[in-house]
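Trainee: Take a look at the following structure, please.
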Amino acid sequence: MSGWMTDTDNLSRRRFLQATGGAASAVALAGCTGDGSQSETEATTSSGGSGETTTSSGDGGDDVTEVGDNYLKLINSTMTTLDPVEATGTASGTVIQQVFDGLMNYPNGEVEPETLLAADYEVADDFQTYTFTLKEGVEYHNGDEVTANDFVYAWERLAASEHTSRAYFILDSIGVEHDTDDEGNYVAESLALNAVDDYTLEISLSAPFHATLPMLAYTSFAAIPEGLVDDLDAYDGDISHDEFATSNPVGAGPFEFDTWSSDTECIVTRYDNYHGETAQVDGIHWNIMSDPEAQYTYGTVNQNADMVTGEQLPTAQYDPDKVSVEETDDLGRQLGTYGETTSGATMDYEGVSTMSVRYVGFNTDAVDKPVRQAFAYALNQDEVINDVFKGRGETAYHFTPPGIYPEGAEAYRQHAEENYPYGYNEQLLDDARSVMEEAGYGDDNRASFTITVYEGSSTWNDLAVLMRDKLTSAYVDMEVESAPFSTLLERGRNGDLDAYSLGWVMDWPAPDNFLQLLNPPQTDTDLEAPISYANWSGTDAATQAEEAWATIQDNAAPTDEAQQARNEAYIQMEEANWEDVVLLPTHHDLSERFTYQWVDRPVFGTGTTSRQMYNTVSLSERE
0 MSGWMTDTDN LSRRRFLQAT GGAASAVALA GCTGDGSQSE TEATTSSGGS GETTTSSGDG
60 GDDVTEVGDN YLKLINSTMT TLDPVEATGT ASGTVIQQVF DGLMNYPNGE VEPETLLAAD
120 YEVADDFQTY TFTLKEGVEY HNGDEVTAND FVYAWERLAA SEHTSRAYFI LDSIGVEHDT
180 DDEGNYVAES LALNAVDDYT LEISLSAPFH ATLPMLAYTS FAAIPEGLVD DLDAYDGDIS
240 HDEFATSNPV GAGPFEFDTW SSDTECIVTR YDNYHGETAQ VDGIHWNIMS DPEAQYTYGT
300 VNQNADMVTG EQLPTAQYDP DKVSVEETDD LGRQLGTYGE TTSGATMDYE GVSTMSVRYV
360 GFNTDAVDKP VRQAFAYALN QDEVINDVFK GRGETAYHFT PPGIYPEGAE AYRQHAEENY
420 PYGYNEQLLD DARSVMEEAG YGDDNRASFT ITVYEGSSTW NDLAVLMRDK LTSAYVDMEV
480 ESAPFSTLLE RGRNGDLDAY SLGWVMDWPA PDNFLQLLNP PQTDTDLEAP ISYANWSGTD
540 AATQAEEAWA TIQDNAAPTD EAQQARNEAY IQMEEANWED VVLLPTHHDL SERFTYQWVD
600 RPVFGTGTTS RQMYNTVSLS ERE
C-alpha cells in the first residue's frame, strides 16, 4: 500500500467511492517493497520502550540493535511513517498494527471484525447511527485513559490533517455526515461525531453503508490521545507531526514504540498495561531490508528471522515440491511444512488465499478491443499460476476474489467455468487469430502495443514475455518494457500507458471495493486522479458497468434486499469487463508464511499477516 493518489473530487458515496487508499494498496500487492512512491523518512531513533538494547553491526544496516532472546525477530521493508492516518504501506502498517488499537479489529487478519477498544455497539434501525460503548480504564502508552473524545480527535485528523492519506475512508466510504464548502472541500470540525460521555461515541452517517464495521477495523481509525499532534488548527498539539510519525507514536496497542532507524531496523516492546492479552514476547525487532535476495539470505539461508513471508522467500528461490500441505482448515487455509531449506531446516507452512487480484490493465484508447480480446484468448491463467508463479496463487477470472464473490467461492468457479468467453484454464490461439482477422488484421496489417511491468518483478516480466511470444501468431507485436513503480503509476494517471501490470488489495472485504476500479467515469485519465487507467467509455459494456455501479451505490444498506441488488450488479460489472477486456484478471494471490518450529503463533487470515497482531505469539529456545 502506498499513498499515490490524492483526493481531488469530493463526490458523494452514492456516485463514487474514491480510491485513494484502495488504489494505493496496489503498491504492496504489485511487488513494491515498502511504501511505493512515498519519500523515505529520515533516519530516527528513540527509546520509548522498556526493553534493554545494545547496538552492533548487522545485516540490516550499519547499526542494528541486539535484542534479547524473547524478542520476535522479523523482516520488514522500507517504512515511511508510523502515523495511522498517513500510512498506506504494508511495511508501515505492519508496525502500526502492533502499536495502535481501534474500536474494531480483524482478529489475526481474518475479515470478520470483532470489537477491540469497543466493549459493545448498537446500530439504529435506519443503519445510519452507530453507538459504541468503550472499554473503561484502557491506557495509552503515555498513561492517559482512552476516551470517546480521543476518537473524535483522531478521526478529525483522518478527515482534515494535511498528512492524511485516507480522508476518503471517513468522508466518502463510510460517509460520516459532514459539511463541505462551495468547492466541495471538507469543512473542519463538521464530522457528525458525538462524545456522549467519556465512554460513549455516537456516529451519524449520511447514508447506510454495509461495510461500516469492517472499515472501522482499519488502523486509520485508531485511537490517539486528544490534542497530541500539532496538525489541526483547533488543537494546540503537544508534539510535532514529525515527532509523532517517526519517534514518538503513542497508541493503545499491545506493544509500545522503542526505536526506528530508516532502512535499518524498528523495535517495539511489550506494553504491560495492555487492555487485552499481554504480549508473550518481550518485543519485536524488524530488520529493514528491501532487496528480496537480501531478505531471503537473512531469513531463510541464515535463519536470522523467526518467520518469513512469501515475499521474503522470492519465487526464484521457492521450490513448490518442498511444500507439504497436511491440513486445509474450515477457512480454506493450507497448513503444513516447507523444507528442507538450504540451511537444512524444516519450517511450518501457511498458505492463505487473500483478498487480492492481479491483472493486466488496458488503455482502451490505445489498444483496440480485438487486440485485447486476442490477449485474453491467448492467456491461460492455469499456465500462469503453475509455470510463472510456481503455484503461488489461484487462477482469476473475476476481479472480485473468490472469498467475497456473491454466494461464495463455488459460485465464483461455476460462473467462470460456464460463462468465461476466452477459455477456462486453456489458451485459444485459433480464436485469438480469428478475432483479429475479423477485425481486418493479418500478416500485412499487424497490431502493436507496449506492456509496462514494474521493475523488480521477474515473474511479471516472465508473464509478459510469454504473452508476447504467443501473440506473435495472432498478428500482434507486443513490446515489453519495465519502469519503476512510481513511474508506472504516474504514466498511468497521465494516460501514457498502453497496457500495464498491477494489483489490488482490499480496503474492505466486499466486491465494491474491487469493482470500483471498473466504474467507467473514474477510469478517465483526463481526471487528476483516475482510479484506473482504462479510459473506458462509449460502448454497451461500459454503459452496463456504469449502470450496475449506480445500482451498487443506491443499495448500500446492510440488508438482505440491498445485498441481493448489489450481488446482481456485481456480476453485471464482471461480465461487462469480460465483454470489453478492460482489466484482465490473471490470478489471486496466495499469501504464505514460513515459520521456524520454535515459534508458536496463530494462523493468519485472508487479510494477510500485515493485519495480524503478535501479542499471542510465543517463542521457545531457538535451534
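Quick note, the sequence shown lines up with residues 0 to 622 if you use numbering that gives the first Met the number 0. Each residue gets a CB set at the ideal place from its N, CA and C atoms; glycine is no exception.
Should Ser246 be flagged as near chain B, meaning a C-beta pair shorter than 8 Å?
Mentor: The chain labelled as chain B is not found in the depicted structure, where only one protein chain is given.
Trainee: Count the other CB atoms, across all protein chains shown, that sit within 10 Å of the CB of Pro112; report buried if there are 16 or more and exposed otherwise.
Mentor: buried
Trainee: Quick check on the burial criterion: 16 or more other C-beta atoms within 10 angstroms. Buried or exposed for Ala330?
Mentor: Note on identity: in this sequence residue 330 is Leu, with Ala being the wrong assignment. Under this definition Leu330 is an exposed residue.
Trainee: Using a Cβ-Cβ cut-off of 6 Å (strictly less than) and excluding sequence neighbours within five positions of Ala526, which residues of its own chain qualify?
Mentor: Rather than Ala, the amino acid found at residue 526 in this sequence is Leu. Around Leu526: no qualifying Cβ.
Trainee: Please state whether DSSP places Ile384 in a helix, a strand or coil.
Mentor: helix
Trainee: Just curious, the beta strand (DSSP E) that Pro369 is in, first and last residue?
Mentor: No beta strand (DSSP E) contains Pro369, which is instead part of the alpha helix (DSSP H) from 368-377.
Trainee: Does the Cβ of Gln563 have 16 or more other Cβ atoms within 10 Å, making it buried, or fewer, making it exposed?
Mentor: exposed
Trainee: Which class does Ala418 belong to by DSSP, given the choice of helix, strand or coil?
Mentor: It is worth fixing the name first, because residue 418 is Asn in this sequence and not Ala. Helix at Asn418.
Trainee: Classify Gln413 as buried or exposed, calling it buried when 16 or more other Cβ atoms lie within 10 Å of its own Cβ.
Mentor: exposed
Trainee: In chain order, what are the residue ranges of uninterrupted beta strand (DSSP E) at least 3 long that sit wholly in the stretch 322-357?
Mentor: 322-327, 333-338, 345-352
Trainee: DSSP has Pro584 in a bridge; who is on the other side?
Mentor: Tyr358
Trainee: Secondary structure at Ser55, three-state DSSP: helix, strand or coil?
Mentor: Residue confidence for Ser55 is low, a pLDDT of 37 falling below 50, so the modelled location carries little weight; the figure read from the coordinates is stated next. It is a strand residue.
Trainee: Can you tell me which residues form a DSSP beta bridge with Arg412?
Mentor: Answer is none; Arg412 lacks a bridge partner.
Trainee: Just checking, does the stretch 374-393 make contact with the stretch 583-599 on the three C-beta pairs under 8 Å criterion?
Mentor: Yes, they touch.
Trainee: Can Tyr474 and Tyr440 be called in contact, C-beta distance under 8 Å?
Mentor: The Cβ atoms of Tyr474 and Tyr440 lie closer than 8 Å to each other.
Trainee: When burial is assigned at 16 or more other CB atoms within 10 Å of the CB, is Arg332 buried or exposed?
Mentor: Label assigned to Arg332: buried.
Trainee: Considering only the beta carbon of each residue, do Leu462 and Ala533 sit closer than 8 Å?
Mentor: no
Trainee: When the distance is taken between beta carbons, is Tyr404 closer than 8 Å to Pro510?
Mentor: yes
Trainee: DSSP three-state call for Asp597: helix, strand or coil?
Mentor: Reading the sequence as shown, one finds Trp at residue 597 and not Asp. Here Trp597 sits in coil by DSSP.
Trainee: Could you check where the beta strand (DSSP E) with Trp259 kicks off and where it finishes?
Mentor: 254-260
Trainee: So, Leu488 versus Ala377, is the Cβ gap smaller than 8 Å?
Mentor: It is not a contact, given that the beta carbons lie outside the stated cut-off.
Trainee: Once DSSP output is grouped into helix, strand and coil, what is the label at Asp579?
Mentor: helix
Trainee: Judging by CA-CA distance, which residue of Val322, Ile173, Val580 is the nearest neighbour of Tyr129?
Mentor: Ile173
Trainee: To test your reading of the DSSP string, which unbroken alpha helix (DSSP H) runs of 4 or more residues are found completely within the stretch 149-206?
Mentor: none
Trainee: Thinking Leu517 and Phe398 are a contact (beta carbons under 8 Å), I'd like their distance in whole angstroms, please.
Mentor: Contact check for Leu517 and Phe398: beta-carbon distance about 6 Å, within the 8 Å limit, so the pair qualifies.
Trainee: Between the Cα of Pro584 and the Cα atoms of Asp143, Arg357, Ala251, Asp553, which residue gives the shortest distance?
Mentor: Checking every option, the nearest Cα to that of Pro584 belongs to Arg357.
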